[in-house]
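Undergrad:
There are 2 protein chains.
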Amino acid sequence: MSTEDTTPMRTELSSLGEFGLIDHLTSGMKSGNKSTIKGVGDDAAVVDAGKKLMLISKDLLLEGVHFDLTYTPLKHLGYKAVAVNVSDIAAMNGKATQILVGISVSNRFSVEALDELYAGIRLACDRFKVDLVGGDTTSSVSGLFISITAIGEVDKGKIVYRNTAHNTDLICVSGDLGAAYMGLLLLEREKQVFKANPQMQPDLEGFDYVLERQLKPEPRVDVIVKLSEAGIRPTAMIDISDGLASEILHIANDSGLGCRIYENKLPIDVQTAEVASQFKLDPTTAAMNGGEDYEMLFTANVNDFEKIKSISGLHVIGHMTDKEEGNYLISAGGSLYPIEAQGFNHMREVE
Amino acid sequence: MSTEDTTPMRTELSSLGEFGLIDHLTSGMKSGNKSTIKGVGDDAAVVDAGKKLMLISKDLLLEGVHFDLTYTPLKHLGYKAVAVNVSDIAAMNGKATQILVGISVSNRFSVEALDELYAGIRLACDRFKVDLVGGDTTSSVSGLFISITAIGEVDKGKIVYRNTAHNTDLICVSGDLGAAYMGLLLLEREKQVFKANPQMQPDLEGFDYVLERQLKPEPRVDVIVKLSEAGIRPTAMIDISDGLASEILHIANDSGLGCRIYENKLPIDVQTAEVASQFKLDPTTAAMNGGEDYEMLFTANVNDFEKIKSISGLHVIGHMTDKEEGNYLISAGGSLYPIEAQGFNHMREVE
């Protein structure tokens, strides 16, 4: 009576990758409702709500895939689950207003454990002025599964998509890159040490910054506000959840353009570089392919260069080109390296 | 380094139950955004979208908890995942317009298997004129997890909540009750037979109706349309996902009222009664506590009695009372039985 493998063909999911799979599953779908403005293919879906546009983002967080409770405090996890969705809405130049939280848990978890998780959710809701408007809690056979839906809004004239960059536009990024991934490597290392010898205390001293970047990312809502105040409207925008390389390729490919990024312009914190060196990793690799920075990556007209430079914490790291010129990282020595999406493909990691 | 059980207290999730847990986790949360109209505690959240109200529902479907792939075709599962959310929106007197689908799968599943699932999702989207606007696909350590968010809309003057019934209102239900649960019992029985002897063919002949009610529920969007055409505005409404008893208690408790339901008014299909008798179950128990019927349960002013009776497929099964009169089922013989929520508590089932 099994129904799931009766088809003679079997194509492995890993052969398509996460983005390939979504494209495959949703290809050819047409929208029929006139309120549907934008479907699959950006940080959030866009629905016409009359005076404003409504933004809807959705994220799934699975134990064992997206987080490891060995070193992730539940309160931090709750905070992060909200934060990454607030970031998705911000990446459309919008403001998150409501969230719905779906949680599946096994009986391994106590009410007190869920209280901790919700304490983090509440903290993030307070901080980002988001109302929790829906909660669905159900049991799971094993593990913890979190599904967050965020609702946001943006004025019709202000929405920013990822496929609207123009040739010669500046490529800009907020904050610094690669730190969250270095935090993850440290936590994974200490976990292995702990597994080998439970008497050992974790050696995480002096690495607060990269650990916090991993465990408690802050969505860059402030960047959206600063850009607006400075009168800069990004031509395209995306938040960095899968690594700079992956995200700039989304902007470039979806806009039908190429890009150049300059290695010596990449903002990398000294702690990130230090941890990278411990792991014998090139800090540039950490910055390009480390995921979960949740910084804003955007393109802007070259005429906005001075305005952007005047905003502290924003960095111009390259520019868009014709599609024919391809997607390249220019090394400090002037060599060209093709930019390829790698790093944070959760689909590939597990399978 | 484990973080999940460091609290000295441990309260089991099962001690609160699903609804108790949601109440516990979300209690005391205040809404700060003026667009937030209704938060936790109805079929869908309600957000002010200017001219209309926007409705957002969210459902989680987990393999091994909400469905069993031994007897659930993936195409049916995809259809049902959309259908139950369309039903949630309809229960607010609204029309579903968009959905977002989040799927987590292990590498046990092939691309072809997900194609089947999406074929069902597409079929339901076409049928209910819902646009798929977001897709998130990620890997899971094991099993299939589906998270659906549905967006809908309703005119401001037409929304119907579950907490707005009035004393003496009629209690009405569409279709018939208990069939989906009988379908589930049949499928579970045949699964056990098959496990004991894989050579045995499943004996499901002649039970198409109850099987279809379980595997391919149809949201009663037609009921919403018929009520509107007849000029009837329900005073309160909810869809029946957890069984009539559980749902009428939501309406009664949330409205601060009591209720009387008459056993001999309960609409029960002959096939439901037949299967119930095979399982030595009282058909009334199936109707009261069997879940997943996805019929509409609503209250209406007594003056609408004639209009309601004139609509085929609607049944008046009781009336609301003062809270002090309690919640009772009146048996065919005139005895009073207290109505208690039982049946479909997925939290209790697994744990």
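Sequence order for the protein chains is E and H. The first sequence begins at 2 in this note's numbering and counts up by one. The second sequence begins at 2 in this note's numbering and counts up by one. We put the beta carbon where it would ideally sit given N, CA and C, even for glycine.
Return no unless some Cβ of chain E is closer than 7 Å to the Cβ of R11 (chain H).
TA: True, the Cβ-Cβ gap to chain E drops below 7 Å.
Undergrad: Along the stretch 102 to 119 of chain H, where does the CB come closer than 7 Å to a CB of chain E? Name the residues.
TA: Residues passing the 7 Å Cβ filter: G103, S105, V106, N108, F110, S111, V112, E113, A114, L115, Y119.
Undergrad: Could you tell me which of H:I100, H:A91, H:I241 sits nearest to K39 (chain E), measuring between CA atoms?
TA: Taking only the C-alpha atoms, the option nearest K39 (chain E) is H:I100.
Undergrad: Residues in the same chain with beta-carbon distance under 6 Å from V222 (chain H), minus the five sequence neighbours each way, listed in chain order, please.
TA: Once the five neighbours on either side are set aside, the close Cβ partners of V222 (chain H) are A91.
Undergrad: Just list the alpha helix (DSSP H) runs in the stretch 33 to 117 of chain H, keeping only unbroken ones of 4 residues or longer that don't cross its boundaries, in chain order.
TA: Fully enclosed alpha helix (DSSP H) runs of 4 or longer: 75 to 91.
Undergrad: Could you check what DSSP says for N168 (chain H) in three-state terms: helix, strand or coil?
TA: Coil.
Undergrad: Determine, using beta carbons only, whether S105 (chain E) and L61 (chain H) come nearer to each other than 7 Å.
TA: A contact, by the Cβ cut-off of 7 Å.
Undergrad: Interface residues of chain E around F146 (chain H) at Cβ under 7 Å?
TA: In chain order: F146.
Undergrad: Nearest by alpha-carbon distance to L216 (chain E): which of E:Q193, E:K196, E:Y182 is it?
TA: Taking only the C-alpha atoms, the option nearest L216 (chain E) is E:Y182.
Undergrad: With DSSP as the reference, label A287 (chain H) as helix, strand or coil.
TA: In this structure, A287 (chain H) counts as helix in the three-state DSSP scheme.
Undergrad: Comparing alpha-carbon positions, which option in E:G153, E:S58, E:I172 lies nearest K310 (chain E)?
TA: It is E:I172 whose Cα lies nearest to the Cα of K310 (chain E).
Undergrad: How far does the beta strand (DSSP E) with S140 (chain H) in it extend, from its first residue to its last?
TA: 132 to 140 is the extent of the beta strand (DSSP E) around S140 (chain H).
Undergrad: For the stretch 308 to 335 of chain E, which residues have a beta carbon sitting closer than 8 Å to at least one beta carbon of chain H?
TA: Residues passing the 8 Å Cβ filter: none.
Undergrad: Only counting the same chain, and skipping five residues up and downstream in sequence, which positions put a Cβ closer than 8 Å to that of H167 (chain E)?
TA: Result list for H167 (chain E): T236, S256, L258, T300, N302, M321, in chain order.
Undergrad: Any C-beta of chain H sitting closer than 7 Å to the C-beta of Q99 (chain E)?
TA: Interface residue, yes.
Undergrad: Name, going along the chain, the residues of the stretch 229 to 256 of chain E whose beta-carbon falls closer than 8 Å to a beta-carbon of chain H.
TA: From the stretch 229 to 256 of chain E, no residue has a Cβ closer than 8 Å to chain H.
Undergrad: I need the straight-line Cα distance from S15 (chain H) to G158 (chain E), nearest angstrom please.
TA: About 49 Å.
Undergrad: Please classify L145 (chain E): does DSSP put it in a helix, a strand, or coil?
TA: Strand.
Undergrad: Between the C-alpha atoms of G334 (chain E) and E296 (chain E), what's the straight-line distance to the nearest angstrom?
TA: C-alpha separation (whole angstroms): 27 Å.
Undergrad: K281 (chain H) CB to nearest chain E CB: under 7 Å?
TA: Chain E contact via Cβ: absent.
Undergrad: Indicate whether at least one CB of chain E lies closer than 7 Å to the CB of V226 (chain H).
TA: For V226 (chain H), the answer is no, since every Cβ of chain E falls outside 7 Å of its Cβ.
Undergrad: Which of helix, strand or coil does DSSP assign to I239 (chain H)?
TA: The answer is strand: DSSP assigns I239 (chain H) an E or B state.
Undergrad: With 16 as the cutoff for other CB atoms within 10 Å, does A342 (chain H) come out buried or exposed?
TA: When all chains shown are included, A342 (chain H) counts as buried.
Undergrad: Tell me which residue opens and which closes the alpha helix (DSSP H) that Y329 (chain H) is part of.
TA: Counting along the chain, Y329 (chain H) falls outside any alpha helix (DSSP H), though it belongs to the beta strand (DSSP E) covering 328 to 331.
Undergrad: Is the Cβ of I149 (chain H) closer than 7 Å to any Cβ of chain E?
TA: It does not: the Cβ of I149 (chain H) has no partner Cβ on chain E nearer than 7 Å.
Undergrad: Among E:G292, E:I147, E:F129, E:T169, whose alpha-carbon lies nearest the alpha-carbon of T305 (chain E)?
TA: Just to set this straight, residue 305 (chain E) is Asp in the shown sequence, not Thr. Minimum Cα distance to D305 (chain E) is reached at E:T169.
Undergrad: Going by other Cβ atoms of all chains shown within 10 Å of its Cβ, with 16 needed for buried, is N346 (chain E) buried or exposed?
TA: Its pLDDT being 42, under 50, N346 (chain E) is placed unreliably by the model, and the measurement read from it follows with that caveat. By the neighbour-count rule (16 or more Cβ atoms within 10 Å), N346 (chain E) is buried.
Undergrad: On a CA-only basis, which of E:A287, E:Q202, E:L17, E:M10 is nearest P268 (chain E)? Give me that one, please.
TA: It is E:A287 whose Cα lies nearest to the Cα of P268 (chain E).
Undergrad: Using a Cβ cut-off of 7 Å (strictly closer), state whether N34 (chain E) contacts chain H.
TA: So yes, N34 (chain E) belongs to the interface.
Undergrad: On the criterion of 16 or more Cβ atoms from any shown chain inside 10 Å, does K53 (chain E) qualify as buried, or is it exposed?
TA: Buried, by the Cβ-count rule.
Undergrad: Hey, is the stretch 140 to 149 of chain E in contact with the stretch 265 to 279 of chain E, meaning 3+ C-beta pairs nearer than 8 Å?
TA: Contact between the stretch 140 to 149 of chain E and the stretch 265 to 279 of chain E is absent, because fewer than three Cβ pairs lie under 8 Å.
Undergrad: Taking just the CA atoms, how far does I152 (chain E) sit from K96 (chain H)?
TA: Roughly 18 Å separates the two Cα atoms.
Undergrad: Take the Cβ of E350 (chain E) as the centre, count every other Cβ of all protein chains shown within 10 Å, and call the residue buried at 16 or more, exposed below.
TA: Confidence at E350 (chain E) is low in this model, with a pLDDT of 36, below 50, so its placement is unreliable and the value that follows should be read with caution. E350 (chain E) is exposed by the Cβ-count criterion.
Undergrad: Closer than 8 Å by beta-carbon distance: list the chain H residues that pair up with V123 (chain E), in chain order.
TA: It is worth fixing the name first, because residue 123 (chain E) is Arg in this sequence and not Val. Correct list: M30.
Undergrad: Given that a residue counts as buried once 16 or more other Cβ atoms are within 10 Å of its Cβ, and exposed if not, what is L337 (chain E)?
TA: Exposed, since its Cβ has fewer than 16 Cβ neighbours within 10 Å.
Undergrad: If we define contact as Cβ-Cβ less than 7 Å, is N346 (chain E) a contact residue for chain H?
TA: Here N346 (chain E) scores only 42 on pLDDT, less than 50, and its place in the model should not be relied on; the value that follows carries that caveat. No, because no Cβ of chain H sits closer than 7 Å to the Cβ of N346 (chain E).
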